[in-house]
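> Would you mind keeping the following structure in view while I ask a few things?
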Amino acid sequence: MQIVKVLDVIQDAQAPCLQVALFCIFLLLMSYSQLHASTKLDPTQYNSALDSLRGFCEVFTLLMVVFYICEEIKQIRIWLSVLLMMAYMGTVTVILLNILIAQMSTTYTQAKKFSRLEYDVDRILQLTRMERFPFLNLRVKYYKEGDWISEMNLAKELLEFSEDRNPWESVEEKLSAIREKMRKMISHLLEIVLDSELNTKSRYQTFSDETDKSQKTLLHYAAELGFFNVTKTLVKNCPLLLTLKTKQSKRKRALLPVELALIAENDDVAAYLIRSMWHE
Numbered sequence: 054m055q056i057v058k059v060l061d062v063i064q065d066a067q068a069p070c071l072q073v074a075l076f077c078i079f080l081l082l083m084s085y086s087q088l089h090a091s092t093k094l095d096p097t098q099y100n101s102a103l104d105s106l107r108g109f110c111e112v113f114t115l116l117m118v119v120f121y122i123c124e125e126i127k128q129i130r131i132w133l134s135v136l137l138m139m140a141y142m143g144t145v146t147v148i149l150l151n152i153l154i155a156q157m158s159t160t161y162t163q164a165k166k167f168s169r170l171e172y173d174v175d176r177i178l179q180l181t182r183m184e185r186f187p188f189l190n191l192r193v194k195y196y197k198e199g200d201w202i203s204e205m206n207l208a209k210e211l212l213e214f215s216e217d218r219n220p221w222e223s224v225e226e227k228l229s230a231i232r233e234k235m236r237k238m239i240s241h242l243l244e245i246v247l248d249s250e251l252n253t254k255s256r257y258q259t260f261s262d263e264t265d266k267s268q269k270t271l272l273h274y275a276a277e278l279g280f281f282n283v284t285k286t287l288v289k290n291c292p293l294l295l296t297l298k299t300k301q302s303k304r305k306r307a308l309l310p311v312e313l314a315l316i317a318e319n320d321d322v323a324a325y326l327i328r329s330m331w332h333e
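Sequence positions in the sequence shown follow this note's numbering and run 54 to 333.
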C-alpha cells in the first residue's frame, strides 16, 4: 500500500513537471523561430536547413497553441461558473453602492434643508432683537424716503442666491418667478378673506369698484390682469361673479369677465372662465 501511495505521489508530481517542460520547449522553439525570422530579408522563403528547422518550430508552436485552446475549452465549465459568480458579485456590489450613494445624498439634502431652515430662524431671531433698539435698527437707520429700487435689485432681494436655483437665470426669469409667487400669495390671502367674517352674507358676490366708472368686480380685475390663481379662487368661492357685467356707458358696452380676458389676450384665464360658465 505504501508503494502504491508513493507511485501516486510521483505521478502527481510528474504531471506539473511535464507541463513545465513542454512549456519551456514551446518557448524555446517559438523564440528560435522569431529570432531566425527577424534576421531574414524575406521570412516567407524557406531555402536552407535552418529555414526548415524554423518551419518545424513554427508548426510545433501552432500545434501547442491549438492543444492549449482545446484544454481551455474542456475546462470551460469551471471558468463559466467562476465568471457567473464574479458577474453576480459585481452586480450586487453596484446595487449596494447605488443604494449607499442614494442614502448619503438624501441625508445630505435633508441636512442641508434643515441647516438652512435653522439658519433662517436664527437670523430672524437676531433681526427681531435688533429691531427693538433704534440705534441698531438698520431698516430705520438707512431708510430713504421716496427712494426707488430697480427690478434687478428687487429680484435679488426677493430671490436670495440658492444652490437650487440656476446661476445663469436671466432677469426676466427672476421677475417671472417673483410674479408667480406674488400671484399665489394673493390667491392665498384672497381665500382667507373670503372665508373670514369680512365676507359675511357673501358681500363679495356682488362687490364692485365704485371708484371706477365701469364698476368692475374682483373677477373683472383678475381676468383683465391675467391672475389665473386669483380667478380660480374667485370662481370657486363666488361663482355668481361669472355672470356680472360692467356698467354700460356711451362708448363701451357691458362686459363679462371672460370678455375682458379675451380682450387682454389672457388665453389661459379665458379658457378657464369659458369652462366654468359652461358647467354653470
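Using N, Cα and C, we set each Cβ at its ideal position, and we do this for glycine too.
Which of the three DSSP states is assigned to L71 in this structure?
L71: helix per DSSP, three-state reduction.
> Tell me the DSSP secondary structure of K166 in three-state form.
helix
> Pull up the distance between the alpha-carbon of T299 and that of I239, whole angstroms please.
23 angstroms
> At the level of alpha carbons, what is the spacing between T144 and L153?
14 angstroms
> Using the C-alpha atoms, what's the distance from Y172 back to M330?
Per the coordinates, the alpha-carbon of M330 lies some 48 angstroms from the alpha-carbon of Y172.
> What is the DSSP secondary structure of F109, counted as helix, strand or coil?
Helix at F109.
> Who are the near neighbours of F79 in its chain, counting only those whose CB is closer than 7 angstroms to its CB and skipping five residues on each side?
So the qualifying residues of the chain are T114 and M117.
> Tell me whether the beta-carbon of K266 lies closer than 8 angstroms to the beta-carbon of S302.
yes
> Mind checking whether C123 and L82 have CB atoms under 8 angstroms apart?
no
> Report the rounded CA-to-CA distance for I177 versus S203, giving the unit in angstroms.
25 angstroms
> Rounded to whole angstroms, what's the CA-CA distance from V57 to L71? Just pull it up for me.
Per-residue confidence for V57 stands at a pLDDT of 44, beneath the threshold of 50, marking its modelled position as unreliable; the derived number appears in the next sentence. Across the structure, V57 and L71 are spaced so that their CA atoms are roughly 21 angstroms apart.
> Tell me whether R346 is buried or exposed, calling it buried when 16 or more other Cβ atoms sit within 10 Å of its Cβ.
A question about residue 346 goes unanswered here, because the residues of the chain that appear run from 54 up to 333.
> Give the list of continuous alpha helix (DSSP H) stretches no shorter than 4 residues that lie fully inside the stretch 269-321.
271-278, 281-290 and 310-316
> Comparing C-alpha positions only, which one of A276, C77 and Q179 sits nearest to Y325?
Ranking the options by Cα distance to Y325, first place goes to A276.
> Can you tell which of E312, R185 and D200 has the C-alpha that lies nearest to the C-alpha of Q296?
In the sequence as displayed, the identity of residue 296 is Thr instead of Gln. Nearest C-alpha to T296: E312.
> Leaving aside the five residues before and after L315 along the sequence, list all residues of the same chain whose C-beta is less than 8 angstroms from its C-beta, in chain order.
A323
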